[in-house]
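Just so we're on the same page, my numbering is the position in the sequence shown counted from 1, plus 78.
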Amino acid sequence: MTKRFRAGQPPENNSRTLISMQTRSMQFLACLTVLCCAAMAVGADAERPNIVFILVDDLGWSDLACYGHAYHKTPNIDRLAADGLRFTDGYAPAPICSASRASILTGKTPARLGFEFVTKHESGFQQIDAEVPLQTPKLTLNLPAEEITIADRLSAVGYRTAFFGKWHVSQHYERRYLAWHPEFGPRRQGFAIATEDFGDHPYAWRNRKAPADLPDGAFPSDSMINRATDFIHSQKDSQTPYFLMVSSFYVHTPVKNRCRWLVEDYERFLGKRAPNRSKRLEYAAFVETLDHHVGSIVDAIDDSGQRENTLVFFMSDNGGHPEYCSNAPLRGSKWNLYEGGIRVPMIARWPQTISAGETSDTPVIGYDLLPTFVELASASNDSEDEVLDGLSVRNVFSDPNWFPQRSLIWHFPFYHPESTYSRAIETAGVNDFATSKTRPQSAVRRGKYKLIHFAEDDRVALYDLGGDISEQKDLSERQAKISAELRILLDRQLNTMNARRATPKG
Ligand SMILES: [Ca+2]
79 MTKRFRAGQP PENNSRTLIS MQTRSMQFLA CLTVLCCAAM AVGADAERPN
129 IVFILVDDLG WSDLACYGHA YHKTPNIDRL AADGLRFTDG YAPAPICSAS
179 RASILTGKTP ARLGFEFVTK HESGFQQIDA EVPLQTPKLT LNLPAEEITI
229 ADRLSAVGYR TAFFGKWHVS QHYERRYLAW HPEFGPRRQG FAIATEDFGD
279 HPYAWRNRKA PADLPDGAFP SDSMINRATD FIHSQKDSQT PYFLMVSSFY
329 VHTPVKNRCR WLVEDYERFL GKRAPNRSKR LEYAAFVETL DHHVGSIVDA
379 IDDSGQRENT LVFFMSDNGG HPEYCSNAPL RGSKWNLYEG GIRVPMIARW
429 PQTISAGETS DTPVIGYDLL PTFVELASAS NDSEDEVLDG LSVRNVFSDP
479 NWFPQRSLIW HFPFYHPEST YSRAIETAGV NDFATSKTRP QSAVRRGKYK
529 LIHFAEDDRV ALYDLGGDIS EQKDLSERQA KISAELRILL DRQLNTMNAR
579 RATPKG
């Protein structure tokens, strides 16, 4: 194997290898050919699991009953957790879609990829509706086709690969929102099977108007989910392992339901004066619809006879939308680096290896998935040519107390929101039910401590997540030594990754 991957080291210990994307891509293709031949020669390995990766959109850490939500009904996802391992400290690599997805697919941080924000129709700079002191980097539109994704890695060792749902790491093709760009879509990133389909999400409704209501108890049929379950059933008797990524459009806005019965069913749970009541009722029904979809996928796996040797990995791409979701007890929301923006539901079920009903407080982050899945596919993570930021967390599946010593980092050198910044509330609290101003910021977590650095005023805040999950007590002065250490660590890691910074306008 000519292309080997170096993982399992903290990012601060990695030195970036300078080698052109093109050269790496050619080496990888050569390697892919060798590995495919090897895989065919030995036949499919019964020890290698199928991997079904369910990535959901904007689901908050507190949104599921199995994470303590008081009234959302999520029996299917709860069952997944009861049959497997629930992570209390699972993290998205970014508080926003595109950056998080690019990072998950490649095992690299958004800082290293230079993809820290959300893709757009066209390139340029952010347009903010207020004077801001920092100049943010140029917008990134596409995950380069040369980047090596989970699907590239697994197809190289004989996995069948399929993708359905939200891609969002390419610019919107022909200005159609979320349309896959043919040069940067899933088929250019290692997925052999990929069909664009919005299913029954309101994105697909004509003029975003709901088709007819559904009768009591009925959920809408969703063609995108049906494609995924058809694929699972088609692999019933296959000896070849598969990697299926189901990337749900739920529970991203527009939050609208055809199941009025379901929305009405939630009315009793929220007082008439509850903040954002109607939005939150729609949202509750939306979350339950997502849960129904997840149930369809899990049922298909179980019905196909491949339950025991299929890893189902479920997570959200970022925290909950502040206007719809109660992110409490977490502070903040989607779009910022408080826990509400990045700590997400994360569940793994793999009956052959993971004991039922386990919980782990080991921090695991989306950019760990590539090295983890690669190891499960019996491929090597060791490379001289490629630097990964993630770590294989395979050990946590058999030992939920396994706790590697390392740090996690986040980097968001942008402002948000762009066109309504002037009207956004000044800072993020707990359950604002409003969008707050996000200023360029970065964060690092080591052990129970998390430091956030704010670029505008070079200020830091330090939180002890062990005793202060709501990030209410800034310890940066009382714990000055830890604060200084983490500040240096964060800066060093960002420099190692050639991170793009927001800089003073001049
Ligand atoms: Ca998202």
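Backbone N, C-alpha and C fix where the C-beta goes; we use that ideal spot for every residue, glycine too.
Delimiting residues of the beta strand (DSSP E) encompassing residue i
i: residue 128; result: 128-134
i: residue 339; result: No beta strand (DSSP E) holds residue 339; the alpha helix (DSSP H) holding it covers 338-344.
i: residue 322; result: 320-325
i: residue 540; result: 537-542
i: residue 436; result: 436-438
i: residue 519; result: 519-524
i: residue 394; result: 388-394
i: residue 350; result: Careful: residue 350 lies outside any beta strand (DSSP E) and carries neither H nor E.
i: residue 427; result: 424-427
C-beta contact flag for residue i and residue j at 9 Å
i: residue 155; j: residue 163; result: no
i: residue 561; j: residue 540; result: yes
i: residue 379; j: residue 303; result: no
i: residue 130; j: residue 327; result: no
i: residue 288; j: residue 355; result: no
i: residue 400; j: residue 492; result: no
i: residue 334; j: residue 384; result: no
i: residue 398; j: residue 139; result: yes
i: residue 368; j: residue 217; result: no
i: residue 472; j: residue 450; result: yes
i: residue 437; j: residue 481; result: no
i: residue 178; j: residue 242; result: no
i: residue 151; j: residue 366; result: yes
i: residue 215; j: residue 579; result: yes
i: residue 247; j: residue 285; result: no
i: residue 195; j: residue 205; result: no
i: residue 520; j: residue 487; result: yes
i: residue 239; j: residue 320; result: yes
i: residue 494; j: residue 174; result: yes
i: residue 259; j: residue 198; result: no
i: residue 453; j: residue 476; result: no
i: residue 448; j: residue 126; result: no
Residue i beta carbon near ligand 2 (any heavy atom closer than 8 Å)
i: residue 420; result: Judged by which ligands are present, ligand 2 is missing from the structure shown, whose ligands are ligand 1.
For residue i, the first and last residue of its enclosing alpha helix (DSSP H)
i: residue 302; result: 301-312
i: residue 357; result: 355-381
i: residue 417; result: 417-420
i: residue 239; result: Counting along the chain, residue 239 falls outside any alpha helix (DSSP H), though it belongs to the beta strand (DSSP E) covering 238-243.
i: residue 559; result: 558-574
i: residue 529; result: Premise fails: residue 529 lies in the beta strand (DSSP E), 527-532, not in any alpha helix (DSSP H).
i: residue 409; result: Element bounds for residue 409: n/a, residue is neither H nor E.
i: residue 432; result: Here residue 432 belongs to no alpha helix (DSSP H), and DSSP marks it neither H nor E.
i: residue 232; result: 228-234
Cβ-based neighbour list, residue i, same chain, cut-off 8 Å, excluding 5 preceding and 5 following
i: residue 505; result: 514 and 515
i: residue 90; result: Residue placement at residue 90 is poorly supported in this model, since its pLDDT is 37, which falls under 50; the coordinates are not used for a value here.
i: residue 585; result: Outside the displayed span of the chain (79 to 584) sits residue 585, for which this structure offers no information.
i: residue 500; result: 207 and 208
i: residue 434; result: 160, 161 and 162
i: residue 84; result: Any reading at residue 84 must be qualified, since the residue scores a pLDDT of 39, below 50, and its modelled position is unreliable; the value itself is stated next. 92, 459, 460, 461, 462, 464, 465 and 466, listed in sequence order.
i: residue 479; result: 438 and 440
Sequence-distant residues of its chain with Cβ nearer than 7 Å to residue i (five each side left out)
i: residue 181; result: 171, 172, 187, 188, 191, 444 and 445
i: residue 343; result: none
i: residue 364; result: 328, 329, 333 and 335
i: residue 386; result: 429 and 430
i: residue 266; result: 223
i: residue 341; result: 335, 359, 360 and 363
i: residue 467; result: 89, 185, 186, 187, 190 and 445
i: residue 283; result: 289
i: residue 292; result: 298, 336 and 337
i: residue 225; result: 184
i: residue 373; result: 154
i: residue 279; result: 327 and 328
Beta-carbon proximity list for residue i, same chain, < 6 Å, skipping 5 on both sides
i: residue 577; result: 189 and 489
i: residue 410; result: 416, 418, 419 and 506
i: residue 583; result: 213
i: residue 113; result: In this prediction, residue 113 has a pLDDT of 49, which is less than 50 and means its spatial position is unreliable; nothing more can be read from the coordinates.
i: residue 339; result: 294
i: residue 301; result: 275 and 277
i: residue 122; result: Caution applies to residue 122, whose pLDDT of 42 falls short of 50 and renders its modelled position unreliable; the value that the coordinates give is listed next. Closer than 6 Å at Cβ, skipping near neighbours: 317 and 318.
i: residue 92; result: The predicted model places residue 92 with a pLDDT of 37, which falls under 50 and marks its position as unreliable; any figure quoted below should be read in that light. So the list reads 465, once near-sequence residues are dropped.
i: residue 555; result: none
i: residue 508; result: 406, 409 and 548
9 Å Cβ cutoff, residue i in contact with chain D
i: residue 217; result: Given the protein chain composition of this structure (a single chain), no chain D is represented.
>> Report the start-end ranges of each beta strand (DSSP E) in the stretch 444-504 that is 3 residues or longer and not cut off at the edges.
In response: Fully enclosed beta strand (DSSP E) runs of 3 or longer: 485-490.
> Mind pulling the beta strand (DSSP E) runs of 3 or more residues that sit fully within the stretch 123-205?
Replying inline: Taking only runs of at least 3 residues, the beta strand (DSSP E) segments lying wholly in the stretch 123-205 are 128-134 and 163-165.
> Which runs of the alpha helix (DSSP H) spanning at least 4 residues fall entirely within the stretch 258-299, listed in chain order?
Replying inline: Qualifying alpha helix (DSSP H) stretches: none in this window.
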